[in-house]
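For the sequence shown, this note's numbering assigns the number 22 to the initial residue and increments by one for each residue that follows. Here is the structure we will look at.
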Amino acid sequence: MKKVKSLWPIFILPLLLLLFFGDTLAVLHRTWIQWDQAYSHGYLIVGLFLFWVTRATIAQESLVPDRSVGLALVCFLGMLFAWYAGRVIQVRLLEQLAVVALGWCYCWTLGGYRFALKLLAPFLIVLLAIPLWDVAISPLQDMTVTVVTKAVEWAGIAAFIDGNRVSLPYGDLVIADGCAGLNLFLVSLTVGSLYSYLYLRRPSSVVYCIGVLLILGIATNWVRVFSLVVIGYYSKMQSSLVEDHGSFGWMMFAVVLLMFFLLYRRVEVSEQGGYAPEESAITIKPTYKPIFWVLLLLMSGVYWWTTHIVAPDIVGQKDKNKNYNIYSNLQEVETVPWKPNFSGFDFEQHWQLPHTEKTYVSRYVYLNQEQGKELIYYSNEIAGKYRMEIIPVPNDLYSIPINAAKVQTEEGVFVVIWSYKVGPWFAASELSAKLLQLPTSFLRERSAELLVIYSYCGSSSEFCGDGIQLLKESSIVGVVSQFSGVVSTSEK
Numbered sequence: 022m023k024k025v026k027s028l029w030p031i032f033i034l035p036l037l038l039l040l041f042f043g044d045t046l047a048v049l050h051r052t053w054i055q056w057d058q059a060y061s062h063g064y065l066i067v068g069l070f071l072f073w074v075t076r077a078t079i080a081q082e083s084l085v086p087d088r089s090v091g092l093a094l095v096c097f098l099g100m101l102f103a104w105y106a107g108r109v110i111q112v113r114l115l116e117q118l119a120v121v122a123l124g125w126c127y128c129w130t131l132g133g134y135r136f137a138l139k140l141l142a143p144f145l146i147v148l149l150a151i152p153l154w155d156v157a158i159s160p161l162q163d164m165t166v167t168v169v170t171k172a173v174e175w176a177g178i179a180a181f182i183d184g185n186r187v188s189l190p191y192g193d194l195v196i197a198d199g200c201a202g203l204n205l206f207l208v209s210l211t212v213g214s215l216y217s218y219l220y221l222r223r224p225s226s227v228v229y230c231i232g233v234l235l236i237l238g239i240a241t242n243w244v245r246v247f248s249l250v251v252i253g254y255y256s257k258m259q260s261s262l263v264e265d266h267g268s269f270g271w272m273m274f275a276v277v278l279l280m281f282f283l284l285y286r287r288v289e290v291s292e293q294g295g296y297a298p299e300e301s302a303i304t305i306k307p308t309y310k311p312i313f314w315v316l317l318l319l320m321s322g323v324y325w326w327t328t329h330i331v332a333p334d335i336v337g338q339k340d341k342n343k344n345y346n347i348y349s350n351l352q353e354v355e356t357v358p359w360k361p362n363f364s365g366f367d368f369e370q371h372w373q374l375p376h377t378e379k380t381y382v383s384r385y386v387y388l389n390q391e392q393g394k395e396l397i398y399y400s401n402e403i404a405g406k407y408r409m410e411i412i413p414v415p416n417d418l419y420s421i422p423i424n425a426a427k428v429q430t431e432e433g434v435f436v437v438i439w440s441y442k443v444g445p446w447f448a449a450s451e452l453s454a455k456l457l458q459l460p461t462s463f464l465r466e467r468s469a470e471l472l473v474i475y476s477y478c479g480s481s482s483e484f485c486g487d488g489i490q491l492l493k494e495s496s497i498v499g500v501v502s503q504f505s506g507v508v509s510t511s512e513k
């Protein structure tokens, strides 16, 4: 009992991650509970991870920081910053990877590098539950479709297969991404790794064990999909498994695993119970408690700051931004003939250049950016790529970086100039605008905007010419200069 008490900082690690990084883990939770999708194995891997870490930790005599504690602390701070960066610029994958790495650096800091090396494998296994393996879905899906097509032909089932759609006389079945077998593939890799860690020592035995389990995982998915086609055919699509078959594959795989372990048994049993002999560590201090409180303070500080910037005074900012009109010489209007394909902004404003009915200025403001409500987002674009022709921008005309293009719409063709404003800075590229969110998070002004000038030039692009002449007009150059106000940037 005394030994377990001395290891409590490791045992409370899951609680600390839930407390300080709960929003990140909640996204993973929502991914893992989609039982018929590619990452439905998430909680199974978490269970194996907890078992593995608990077993390795109990075998540890005590937590003894060693001389690598400085490097470990740098690792911890680096991963804490990586999580913060992913949070601020809305890159979920970076957040999730950083949390996993942060947990490992935490163990390294408190227990020394030898203890951290023991835990490296289970932390790497957790990466198999992170949504970064989607690249494998397409080839696994193609293999499944090929095998199921051959099996349907061999079984003599009346079906028409077009791509990943299986058309039966009574309805259609789709071999979707969740049917690719990625979850069974990754779980096979996890189980094989854990089994090898516990019982196997020869590299050839490890490769054989993991290889056999990977083949079994892929083959089980093929049998599962083919079985669903057979069930759908003979039940005339009335079986409940046709619609809800998330647990069907897991039951089949559990049977396959049981048979594998009964037949394979323990090929090599280590007398050390799967652990290498303990080597003495060179210590710098016999206690970990001061280091633990430092780590706790660091996580608390980042959590407080992130919570603080994620919940700003939206109402106050909106009133301030909307009432502050730097385009006072322009006529504000309610409607405009064209808008970019952007969504999620908090408000928009539009102006018309004086003495013209063709040229407009628009501002789309994001007071608070969060996942799915972002200036730079996959669905946000000026126009579809087949409706837009990029125009080269003269480098010596403008004080801020801009983009220009001719955009074809149903109403006609517009020459469009746009720039991204993030905090006090301007950017022409989407990547730069995304990365600028990080330094902006430390400023008072954290809003982001899409600033657009567009002018109608006719029903066809032929009336626009090359568009460069419009970019050189003094009225357009003057409005772009008003964008920046007193702020300037050297980015082009």
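Glycine is no exception: its CB is placed at the ideal position from the N, C-alpha and C atoms.
Looking at 377, 461, 435, 317, the one whose alpha-carbon comes closest to that of residue 445 is 461. Contact check for residue 385 against residue 366 passes: the beta carbons are separated by less than 8 Å.
A buried status is given to residue 441, since no fewer than 16 other beta-carbon atoms sit within 10 Å of its beta-carbon.
Taken through DSSP and simplified to helix, strand or coil, residue 104 comes out as helix. Secondary-structure assignment with DSSP links residue 446 through a beta bridge to 443.
Between the C-alpha atoms of residue 396 and residue 320 there is a straight-line separation of about 28 Å.
Selection 123, 66, 226, 247 evaluated against residue 175 yields 247 as nearest (Cα-Cα). When the five nearest sequence neighbours on each side are left out, the beta carbons in the same chain lying within less than 6 Å of the beta carbon of residue 429 are those of 408, in order along the chain. The beta carbon of residue 324 is closer than 6 Å to those of 41 in its chain, skipping five residues each way along the sequence. Put simply, the region 192-204 touches the region 145-160. At least three CB pairs are less than 8 Å apart.
In the DSSP annotation of this structure, the continuous segment of the beta strand (DSSP E) that includes residue 381 starts and ends at 380-387. At the C-beta level, residue 187 and residue 179 stay beyond 8 Å of one another. Of 67, 84, 136, the smallest CA-CA separation from residue 212 is found for 67. Using a Cβ distance threshold of 8 Å, residue 238 and residue 274 count as a contacting pair. When rounded, the separation of the alpha-carbon atoms in residue 432 and residue 264 is 45 Å.
In the three-state DSSP reduction, residue 213 falls in the helix class (H, G or I).
With contact defined as three or more Cβ pairs closer than 8 Å, the region 81-91 and the region 126-139 are in contact. In this structure residue 111 is in contact with residue 391, their Cβ atoms being roughly 7 Å apart against a cut-off of 8 Å.
If you ignore the 5 residues before and after residue 383, its C-beta comes within less than 6 Å of the C-beta of 371, 473, all in its own chain and listed in chain order. Our two residues, residue 145 and residue 35, have alpha carbons roughly 16 Å apart in a direct line. Taking every protein chain shown into account, the CB of residue 280 has fewer than 16 other CB atoms within 10 angstroms, so this residue is exposed. In the DSSP assignment, no residue is bridged to residue 258. Leaving aside the five residues that flank residue 70 on each side, the residues in its chain whose CB is nearer than 7 Å to its CB run, in chain order, 143, 146, 147. Classified as exposed, residue 494 has fewer than 16 neighbouring CB atoms from the shown chains inside 10 Å of its CB. When secondary structure is reduced to three states using DSSP, residue 469 falls in the strand class. Bounds of the beta strand (DSSP E) holding residue 189 are 186-189. For the 8 Å CB-CB criterion, residue 150 and residue 60 form a contact. Of the other Cβ atoms in all chains shown, fewer than 16 fall within 10 Å of the Cβ of residue 141; this residue is therefore exposed. For residue 235 and residue 475, the gap between their C-alpha atoms comes out near 56 Å. Here DSSP, grouped into helix, strand and coil, assigns residue 193 to strand. If only complete runs of 4 or more residues are kept, the region 61-98 shows the alpha helix (DSSP H) at 63-79, in order along the chain.
CA-to-CA, the gap between residue 427 and residue 121 works out to about 45 Å. For the set 253, 251, 260, 244, the Cα lying nearest the Cα of residue 277 is the one of 244. Rounded to whole angstroms, residue 28 and residue 227 show a C-alpha spacing of 31 Å.
For residue 370, the enclosing beta strand (DSSP E) covers residues 368-373. DSSP places residue 401 outside both helix and strand once states are collapsed to three, so it counts as coil.
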